[in-house]
Amino acid sequence: MIPVYDIKDFSPFYTKENQFVIVPFQQLNRPAPFVWPHKHSFYEMLWIRQGSTKHFVDNQELELSRDTIYFMSPGQTHHFEEYQSVQGDSIMFSEEFFILNFTNKEALRKLAFLHNSYKNPGIVLDEESKETLEPVLKLIYQEFARTDFSKMVISSLLYVFFEVLQRKYFDQQTSNTVIGAHILVFDKFRILVERHFRTAHQLSFYGSALCITPHYLNEAVKKAAGKTASEFIRERIILEAKRMLVQSHIPVGQIADELGFQDFSYFSRHFKKHNSVSPEQYRKVMLDKHHF
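Letter by letter, the sequence shown follows residues 46 to 337 of this note's numbering.
Pasting the structure below:
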């Protein structure tokens, strides 16, 4: 069974805060026993300043390198190849904490990099970005260090920090020719996919929900995310299938059913087409490789 950790499991000894923590990564308090791999019930941001390592998120291998910011979302399974040589900053926060200053969750959902668990590339910082972000991060550290720290102040500063990151993220993900309308369509589409991917596989469903044609949706998503809307939907379904195969003992037929495939054999062919192995083979390989 893969453990799920809460923020309080990593909180410094002087606080039992379970909604927000900021701490140098190398000083992070870790629960005992500490088990790899594991999941989080919260969001985490890592700003890597020194060192590098391999990071496995949902069985995808990522190279962590300096001057790059990475994110993990609740429910993702992860482990590091090693982390002792890595230095940087860790920010952990709950959804409830981030939206303290908002009336709904849309502010959180609009941050594309928080939910990009399909690719999770990291945001590379140039000198200009670091000069902008450093003072904000310093203010967050200072406020959190106060015995009477204000959650509203930290939440507001965190929003400013992430809005700057959002601009940098889209600079890296899109070309200068991408207009705002494409990004807006992509944001709305991404949210819909996260809500409905288990039951809605057809592009027509999402086009209808957004009041645009499937063709325009495909083009808009491709310009904003570098892949078509159809590919985006397929990758989200495959990702969930992989999670369920590795993180549970649910029979493959039941996984197919829960992901909206009425025909088990079609699900198996679909999975193998995009992964070169059958669902059963994938489960065995990953369990043997990572000793889950």
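Heads up, the beta-carbon is just placed ideally off N, CA and C, and yes, glycines get one too.
CB-CB under 7 Å to residue i, same chain, minus the five flanking residues each way: which ones, in chain order?
i: residue 317; result: 323
i: residue 231; result: 265, 266, 269, 270
i: residue 325; result: 297
Whose CA, out of the options, lies closest to the CA of residue i?
i: residue 55; options: 64, 68, 74; result: 74
i: residue 71; options: 233, 125, 130; result: 130
i: residue 328; options: 103, 84, 76, 236; result: 103
i: residue 87; options: 93, 94, 126, 143; result: 143
Report the partner residues of residue i according to the DSSP bridge assignment.
i: residue 134; result: 69, 92
i: residue 105; result: 102
i: residue 117; result: 89
i: residue 49; result: 84
i: residue 169; result: 113
Take residue i and list the residues in its own chain whose beta-carbon comes closer than 6 Å to its own, dropping the five residues that flank it on each side.
i: residue 203; result: none
Could you tell me the distance, in whole angstroms, from the CA atom of residue i to the CA atom of residue j?
i: residue 255; j: residue 226; result: 13 Å
i: residue 269; j: residue 157; result: 11 Å
i: residue 309; j: residue 262; result: 29 Å
i: residue 192; j: residue 89; result: 23 Å
i: residue 307; j: residue 111; result: 46 Å
i: residue 52; j: residue 67; result: 10 Å
i: residue 116; j: residue 257; result: 31 Å
i: residue 176; j: residue 187; result: 17 Å
By the 10 Å Cβ neighbour count, where 16 or more other Cβ atoms means buried, how is residue i classified, buried or exposed?
i: residue 49; result: exposed
i: residue 304; result: buried
i: residue 78; result: exposed
i: residue 134; result: buried
i: residue 167; result: buried
To which residues of the same chain is residue i closer than 8 Å at the C-beta, ignoring the five residues directly before and after it?
i: residue 332; result: 291
i: residue 281; result: 163, 238, 239, 242
i: residue 206; result: 178, 181, 182, 185
i: residue 244; result: 305
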